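According to our numbering, the sequence shown is numbered sequentially starting from 43.
Just so it is clear, CB atoms sit at the ideal spot from N, CA and C, and this is done for glycine as well.
Source: prediction; values computed, not measured.
Structure record follows, encoded as structure tokens.
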Amino acid sequence: MKSLAEYLDLAAQAHGHLCAGQVLGIRLAMLGLRELGIDDPVAERKRLVTFVEIDRCVTDAVALVANCRLGKRALKFRDWGKVAATFVDLKTGRAVRVAAKESSKQAAREMFPELEKEAGQQKAYAQLSDEILFDKKWVKVEVQPEDLPGFKGPSSRWPHALPLLRRRALLRAIVNGE
Ligand SMILES: [Zn+2]
């Protein structure tokens, strides 16, 4: 795993800006991987499937650290609106869910009361302990075969076919002057 500072640099580049959500997401994913004992998520990219429960800044940062991409089927989105992610180790079958505590915002405010909210959270989320920021829980997750990275069944071929059909329909419309 890289250091927090290195991930912050990479996140700012990939996401377009650095923000409190990214700092929190990086910390969240680093904790999840540490719990699973996955030290090099790039070298061990086939080992991990990550379920994120929110589609905001946090998500990009989690995907970056966990090295999980939607396009590789290693990142799954569950629209539950929680700043949380579950990391599933396909090698051991263990899974850990890490969620940001509601109280983490308050903790950030108390740490840097003189700063405005976003700036204070950015700094505080980089410094507060894992225990103050997160709840973690071992969970049981069954990853279905069709959800595994590299699955080549009908459900993974069909989405590729859709844009093609749409392109054809569009082309036909243009040719027919519709
Ligand atoms: Zn952001």
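Comparing alpha-carbon positions, which option in Cys110, Ser146, Phe119, Ala142 lies nearest Pro191? Looking up residue 191 in the sequence shown gives position 149. Nearest option by C-alpha distance: Cys110.
CB of Ala108 within 9 Å of CB of Pro83, strictly: For the purposes of this step, residue 108 is taken as the residue at position 66 of the sequence shown. For the purposes of this step, residue 83 is taken as the residue at position 41 of the sequence shown. Yes, these two residues count as a Cβ contact at 9 Å.
Out of Leu75, Arg87, Ile96, state which residue places its alpha-carbon closest to the alpha-carbon of Lys114. Position 72 of the sequence shown holds residue 114. Minimum Cα distance to Lys114 is reached at Arg87.
Could you check if Gly162 belongs to the surroundings of ligand 1, using beta carbon to heavy atom distance under 8 Å? For the purposes of this step, residue 162 is taken as the residue at position 120 of the sequence shown. No, Cβ of Gly162 sits at least 8 Å from all heavy atoms of ligand 1.
Hey, how far is the Cα of Leu112 from the Cα of Lys118? If you number the sequence shown from 1, residue 112 lands on position 70. If you number the sequence shown from 1, residue 118 lands on position 76. Across the structure, Leu112 and Lys118 are spaced so that their CA atoms are roughly 6 Å apart.
Closest Cα partner of Leu126 within the set Leu157, Leu73, Glu184: Numbered from 1 along the sequence shown, position 84 holds the residue referred to as residue 126. The amino acid occupying residue 126 in the given sequence is Ala; Leu does not appear at that position. Comparing alpha-carbon positions, the option among Leu157, Leu73, Glu184 lying closest to Ala126 turns out to be Leu73.
How far does the beta strand (DSSP E) with Val181 in it extend, from its first residue to its last? Looking up residue 181 in the sequence shown gives position 139. Per DSSP, the continuous beta strand (DSSP E) segment holding Val181 begins and ends at 176-181.
Check your reading: residues with Cβ closer than 6 Å to ligand 1 heavy atoms: Residues flagged by the Cβ proximity filter: His57, His59, Cys61, Gly63, Gln64, Cys99.
Cβ neighbours of Ala203 in the same chain (closer than 6 Å, five flanking residues each side left out): Within the sequence shown, residue 203 is the residue found at index 161, counting from 1. Because the pLDDT at Ala203 is just 47, under 50, the model does not fix this residue reliably, and the value given afterwards should be weighed accordingly. Nothing meets the Cβ criterion.
One question on the structure: do Ile68 and Asp131 come within less than 9 Å of each other, judged by their Cβ atoms? The residue labelled residue 68 in the question sits at position 26 within the sequence shown. The residue labelled residue 131 in the question sits at position 89 within the sequence shown. Annotated as distal: Ile68 and Asp131, with beta-carbon spacing of 9 Å or more.
Given Leu66 as reference, the closest of Gly162, Glu184, Val185, Pro187 once Cα atoms are compared: In the sequence shown, counting from the first residue as 1, residue 66 sits at position 24. Ranking Gly162, Glu184, Val185, Pro187 by Cα distance to Leu66 puts Gly162 first.
Taking Lys118 as part of the beta strand (DSSP E), name the residues at either end of that continuous run. Translated into positions along the sequence shown, residue 118 becomes position 76. Taken as a continuous stretch (DSSP letters only), the beta strand (DSSP E) holding Lys118 covers 117-119.
Tell me the rounded alpha-carbon separation between Gly58 and Leu50. Counted from its first residue, the sequence shown places residue 58 at position 16. Counted from its first residue, the sequence shown places residue 50 at position 8. If I take the Cα positions, the gap works out to 12 Å.
Taking only the alpha-carbon atoms, compute the straight-line gap between Gln164 and Lys44 and give it to the nearest angstrom. Walking along the sequence shown from the start, residue 164 turns up at place 122. Walking along the sequence shown from the start, residue 44 turns up at place 2. Rounded to the nearest angstrom, the two C-alpha atoms are 19 Å apart.
What is the DSSP secondary structure of Thr101, counted as helix, strand or coil? Here residue 101 is taken as the residue at index 59 of the sequence shown, counted from 1. It is helical.
Helix, strand or coil: how does DSSP classify Val84 here? Within the sequence shown, the letter at position 42 stands for residue 84. In the three-state reduction of the DSSP assignment, Val84 falls in the coil class, being assigned neither a helical nor a strand state.
Which residue marks the beginning of the alpha helix (DSSP H) containing Arg139, and which one marks its end? Translated into positions along the sequence shown, residue 139 becomes position 97. Counting along the chain, no alpha helix (DSSP H) covers Arg139; the unbroken beta strand (DSSP E) around it starts and ends at 137-142.
Classify Leu90 as helix, strand or coil using the three-state DSSP reduction. Your numbering for residue 90 matches position 48 in the sequence shown. The answer is strand: DSSP assigns Leu90 an E or B state.
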